[in-house]
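K.L.:
Attaching a single structure in structure tokens format; questions to follow.
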Amino acid sequence: MRLIKNELYKVFKLNKLYFFMVISAALMIVQAAAELSNPSAGANVLNGQSFPLWMLSRIMPLFIFFMALTLAEMISDEYRSGTLKLFLLRPVGRIGLLNAKLAALAVSVLILLLVVMAEGYIVGTAFWGWGDRLVADDAAFSTLRGIGITLQSYAFTALPCLGFGMVITLVAIRSSSMGGTIGISLGVMFILTALENVRSLNPYSIVHQMNLYRSLIGDAGSSNLSVGLLNIAAYLLVFYGISIVTFKKKDLLI
Amino acid sequence: MSGELALQTRGLNKSFGKRRAVGDLNLHVERGDIYGFLGPNGAGKTTTIRMLLGLIAPDSGDVELNGIHVRRDFKKAISTVGAMLDPSFYGYLSGYENLKLIAKLTPGLDDARIREALDLVQMSDRARDKVKTYSLGMKQRLGIAGALLNNPGLVILDEPTNGLDPQGIAEIRDTIVRLAAERGITFFISSHLLHEVEQICTRVGIVKNGRLLVEDRVERLLVSDSETFELHTPDAGRALELARGMQGVRSASAAAKGIRVELAGTGASELNRALVAQHVAVEAMIPQSRTLEQFFFDIQKAGERHEAD
Numbered sequence: 288m289r290l291i292k293n294e295l296y297k298v299f300k301l302n303k304l305y306f307f308m309v310i311s312a313a314l315m316i317v318q319a320a321a322e323l324s325n326p327s328a329g330a331n332v333l334n335g336q337s338f339p340l341w342m343l344s345r346i347m348p349l350f351i352f353f354m355a356l357t358l359a360e361m362i363s364d365e366y367r368s369g370t371l372k373l374f375l376l377r378p379v380g381r382i383g384l385l386n387a388k389l390a391a392l393a394v395s396v397l398i399l400l401l402v403v404m405a406e407g408y409i410v411g412t413a414f415w416g417w418g419d420r421l422v423a424d425d426a427a428f429s430t431l432r433g434i435g436i437t438l439q440s441y442a443f444t445a446l447p448c449l450g451f452g453m454v455i456t457l458v459a460i461r462s463s464s465m466g467g468t469i470g471i472s473l474g475v476m477f478i479l480t481a482l483e484n485v486r487s488l489n490p491y492s493i494v495h496q497m498n499l500y501r502s503l504i505g506d507a508g509s510s511n512l513s514v515g516l517l518n519i520a521a522y523l524l525v526f527y528g529i530s531i532v533t534f535k536k537k538d539l540l541i
Numbered sequence: 009m010s011g012e013l014a015l016q017t018r019g020l021n022k023s024f025g026k027r028r029a030v031g032d033l034n035l036h037v038e039r040g041d042i043y044g045f046l047g048p049n050g051a052g053k054t055t056t057i058r059m060l061l062g063l064i065a066p067d068s069g070d071v072e073l074n075g076i077h078v079r080r081d082f083k084k085a086i087s088t089v090g091a092m093l094d095p096s097f098y099g100y101l102s103g104y105e106n107l108k109l110i111a112k113l114t115p116g117l118d119d120a121r122i123r124e125a126l127d128l129v130q131m132s133d134r135a136r137d138k139v140k141t142y143s144l145g146m147k148q149r150l151g152i153a154g155a156l157l158n159n160p161g162l163v164i165l166d167e168p169t170n171g172l173d174p175q176g177i178a179e180i181r182d183t184i185v186r187l188a189a190e191r192g193i194t195f196f197i198s199s200h201l202l203h204e205v206e207q208i209c210t211r212v213g214i215v216k217n218g219r220l221l222v223e224d225r226v227e228r229l230l231v232s233d234s235e236t237f238e239l240h241t242p243d244a245g246r247a248l249e250l251a252r253g254m255q256g257v258r259s260a261s262a263a264a265k266g267i268r269v270e271l272a273g274t275g276a277s278e279l280n281r282a283l284v285a286q287h288v289a290v291e292a293m294i295p296q297s298r299t300l301e302q303f304f305f306d307i308q309k310a311g312e313r314h315e316a317d
């Protein structure tokens, strides 16, 4: 618990989280302004209640960039600057330290998701008014149910985010530079995004699972949800396992 | 070995690819020692220290810190040790915040202990400033404060005076000597600054190419069966020629104000008489004590010859 507190302390002190909160708000304003001036298909149902959910898939690359930057700073940059060993020269195990970093990442991602959701409500209401219901994927929900679904979708999205975060964790442990970690992570994201067109690969792609929250609102059915959850669990377990083994064996030369 | 061992390695080995960084290293640091771990750059000092502290896994061999096996019980072993490898801190945090994060990981360390450690290295007045505003010397001192936080019996410092100006070096040196005397802390210090080590260390180990060439008390290493003099004369060429032909002269070489002569045993007065008899004006004969630097170069050369054979 002390290690987790330490890692969270550093995350909040670094101000990156606040920076991403500002960036996400700016992105939402730009997106809302663009939709207002040149509405895309389905944008006619936008209102303050629908906007956060409508934005969720569109703002996902920002979360991947946030995780890449945070993990690059927490692992690769600490290795490069020598601060990684500050804690390891204390009665602390390597697995414990990595777990603390991952816990701090999970907390930050969850906080950012919730703040982005709140920003969505504010920006959506400012542009279209609050509206009388949530409309998403041709389904309509009452205000209270809509808020519940939106909250559920944002919280649920933390899972595929962390699945991808685990891939970035392995990259960060293997790489000794921040730039390397961020570059490779974004490269993986772009490749997986490009592969979205190959439908047979979709069930195995962690990027595809970023939209799994749609199963909660649409009629995709629970089987889709189960496959998606299995996929995310596989990413979490496999990449966590490899990351732990790699981190335990890593010689800290710097 | 007379005392109890604070640090011991047995057959420590480490290679990176085909390059052997450390080979069959057996170190013995007694409690109360200020132990100088010497060697040229690339000799394997830093790799050894990282193996001592569990940051690099040895290919084979064991490390014991204060009698506790590092590989078997890392957490217990490391909790008896303080270490500063390089002054790496979170620059965006203050010195105090950095120490606070470290202190949280060892049960029983409170704010009072952090303040005490900062006082010991005279860093209290800058403790609230961000580390990125510190000079290298201040970071080194903060590193020593961090190493002292848990009241360790053994402190391991890797090149603690690296990059410091003469005043900074003197400050670190005084801090080490004071802590060893006042608190009975055993220090294990790696360095390539031989003059610094000679001034403060009680024992040294010299490594080259990852191998321990010698390990002993400093005063024993500096004992010699020969005497060296610097002889000041305006007629250096003639003095050198005569000295080289005399019995009992082991070596003679040119020096800044005359010649430098190494004599087997005590033959200084005979040398003086012989030179005067040959009309060589001897202005002064200054005995030269053997330094650790000389010993270091001698042992390095001997190591090279041994390797060549």
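Respectively, the protein sequence lines represent chains Z and D. Oh and the first sequence: position 39 is 326 in the working numbering, straight run, nothing missing. Oh and the second sequence: position 258 is 266 in the working numbering, straight run, nothing missing. The C-beta atom is built at its ideal place from N, Cα and C for all residues, glycine as well. Small disclaimer: the values here were computed from a predicted structure and weren't measured.
Go through the segment 116-186 of chain D residue by residue and report every complete run of the beta strand (DSSP E) that reaches 3 residues or more, in order.
P.N.:
With a minimum length of 3 residues, the continuous beta strand (DSSP E) runs that stay inside the segment 116-186 of chain D are 162-166.
K.L.:
Is there a C-beta anywhere in chain A that falls below 9 Å from the one on E105 of chain D?
P.N.:
The structure shown contains no chain A; its protein chains are Z and D.
K.L.:
Output the residue ranges of the beta strand (DSSP E) runs that lie fully inside the segment 245-274 of chain D and measure 3 residues or longer, sorted by chain position.
P.N.:
Correct list: 257-263 and 266-272.
K.L.:
Can at least three beta-carbon pairs, one atom from the segment 212-219 of chain D and one from the segment 252-260 of chain D, be found at a separation below 8 Å?
P.N.:
Short answer: they don't touch.
K.L.:
Starting from Q439 of chain Z, follow the alpha helix (DSSP H) in both directions and report where the run begins and ends.
P.N.:
Note, Q439 of chain Z: alpha helix (DSSP H), T430 to R461.
K.L.:
Does T533 of chain Z have its Cβ less than 9 Å from a Cβ in chain D?
P.N.:
False, the Cβ-Cβ gap to chain D never drops below 9 Å.
K.L.:
Within 9 Å (strictly less), CB to CB, does N159 of chain D reach chain Z?
P.N.:
So no, N159 of chain D is outside the interface.
K.L.:
Where does H495 of chain Z fall in DSSP's three states?
P.N.:
Helix, per DSSP.
K.L.:
Quick check for students: name the residue ranges of the alpha helix (DSSP H) that lie wholly in the segment 18-74 of chain D, counting only runs of 4 or more.
P.N.:
For the segment 18-74 of chain D, whole alpha helix (DSSP H) runs of length 4 or above, ordered along the chain, are 53-60.
K.L.:
Would you mind sorting E294 of chain Z into buried or exposed? The rule is 16 or more other CB atoms within 10 Å of its CB.
P.N.:
E294 of chain Z comes out buried.
K.L.:
Where do the ends of the beta strand (DSSP E) carrying A423 of chain Z lie?
P.N.:
First-last of the beta strand (DSSP E) with A423 of chain Z: L421 to A423.
K.L.:
Classify T299 of chain D: buried if its beta carbon has 16 or more other beta carbons within 10 angstroms, exposed otherwise.
P.N.:
So T299 of chain D counts as exposed.
K.L.:
Using beta carbons (cut-off 9 Å, strictly below), is Y100 of chain D in contact with chain Z?
P.N.:
For Y100 of chain D, the answer is yes, since a Cβ of chain Z falls inside 9 Å of its Cβ.
K.L.:
For R136 of chain D, go through chain Z and note every residue whose CB falls closer than 7 Å to its CB, in chain order.
P.N.:
Those do not exist, as R136 of chain D stays about 14 Å from chain Z at its closest Cβ, beyond 7 Å.
K.L.:
Just to check my reading of the structure: R367 of chain Z and S463 of chain Z have Cβ atoms closer than 8 Å, yes? What is that Cβ distance to the nearest angstrom?
P.N.:
That pair is a contact at about 6 Å.
K.L.:
Closer than 8 Å by beta-carbon distance: list the chain Z residues that pair up with F97 of chain D, in chain order.
P.N.:
Under the 8 Å cutoff, chain Z gives T370 and L373.
K.L.:
Spell out whether any CB of chain Z is found under 9 Å from the CB atom of S23 of chain D.
P.N.:
It does not; no Cβ of chain Z falls within 9 Å.
K.L.:
Smallest Cα separation from I86 of chain D: which of Z:G380, Z:L371, Z:Y296 and Z:F352?
P.N.:
That would be Z:G380, whose Cα lies nearest to the Cα of I86 of chain D.
K.L.:
Could you tell me the boundaries of the alpha helix (DSSP H) in which T88 of chain D lies?
P.N.:
Run containing T88 of chain D: none; DSSP gives neither H nor E here.
K.L.:
From the DSSP output, in three-state form, read off Q16 of chain D for me.
P.N.:
Of the three classes helix, strand and coil, the one that applies to Q16 of chain D here is strand, per DSSP.
K.L.:
Between the C-alpha atoms of E12 of chain D and I42 of chain D, what's the straight-line distance to the nearest angstrom?
P.N.:
Between E12 of chain D and I42 of chain D, the C-alpha separation is close to 14 Å.
K.L.:
Look at the alpha carbon of I478 of chain Z and the alpha carbon of N484 of chain Z, and state the distance between them as a whole number of angstroms.
P.N.:
The alpha-carbon atoms of I478 of chain Z and N484 of chain Z are separated by roughly 11 Å.
K.L.:
Between S68 of chain D and chain Z, is the shortest Cβ-Cβ distance under 9 Å, so that the two count as touching?
P.N.:
Answer no: the Cβ-Cβ gap between S68 of chain D and chain Z never drops below 9 Å.
K.L.:
Residues in its own chain within less than 7 Å of V475 of chain Z by CB, not counting five upstream and five downstream?
P.N.:
Excluding sequence neighbours, V475 of chain Z sits near V454.
K.L.:
Does any residue of chain D have a CB that is nearer than 9 Å to the CB of Y305 of chain Z?
P.N.:
No, its Cβ sits nowhere closer than 9 Å to a Cβ of chain D.
K.L.:
By the criterion of Cβ-Cβ separation under 7 Å, what are the contact partners of L376 of chain Z in chain D?
P.N.:
The contacting residues are L61, I86 and A91.
K.L.:
With a threshold of 9 Å between beta-carbons, can R461 of chain Z be considered close to chain D, or not?
P.N.:
Not closer than 9 Å to any Cβ of chain D, the Cβ of R461 of chain Z fails to qualify, so no.
K.L.:
In its own chain, which residues sit with a C-beta less than 8 Å from the C-beta of F304 of chain D, not counting the 5 before and 5 after it?
P.N.:
Cβ neighbours of F304 of chain D beyond the five flanking positions: L46, L202 and I214.
K.L.:
Taking L373 of chain Z and I110 of chain D to be in contact with their CB atoms under 8 Å, please state how far apart those CB atoms are, rounded to whole angstroms.
P.N.:
With a Cβ gap of about 6 Å, L373 of chain Z and I110 of chain D count as contacting.
K.L.:
Going by the beta-carbon positions, is the gap between S311 of chain Z and L349 of chain Z smaller than 9 Å?
P.N.:
In contact: S311 of chain Z and L349 of chain Z (Cβ atoms closer than 9 Å).
K.L.:
Residues of chain D with a CB under 7 Å from the CB of R289 of chain Z: which are they?
P.N.:
Within chain D, the residues near R289 of chain Z are K112 and L113.
K.L.:
Would you grab the beta carbon distance between L421 of chain Z and G433 of chain Z for me? Rounded to a whole angstrom, and I think it's under 8 Å.
P.N.:
Confirmed, Cβ separation roughly 3 Å.
K.L.:
Mapping DSSP to helix, strand and coil, what is V226 of chain D?
P.N.:
Three-state result, V226 of chain D: helix.
K.L.:
Three Cβ pairs or more, each shorter than 8 Å: is that satisfied between the segment 102-116 of chain D and the segment 132-146 of chain D?
P.N.:
Yes, they touch.
K.L.:
Just reading off the beta strand (DSSP E) that Q318 of chain Z is part of, what are its end residues?
P.N.:
Per DSSP, Q318 of chain Z belongs to no beta strand (DSSP E); it is in the alpha helix (DSSP H), K303 to S324.
K.L.:
Checking 9 Å against the spacing of the C-beta atoms, do L385 of chain Z and F534 of chain Z come in under that value?
P.N.:
It is a contact, given that the beta carbons lie within the stated cut-off.
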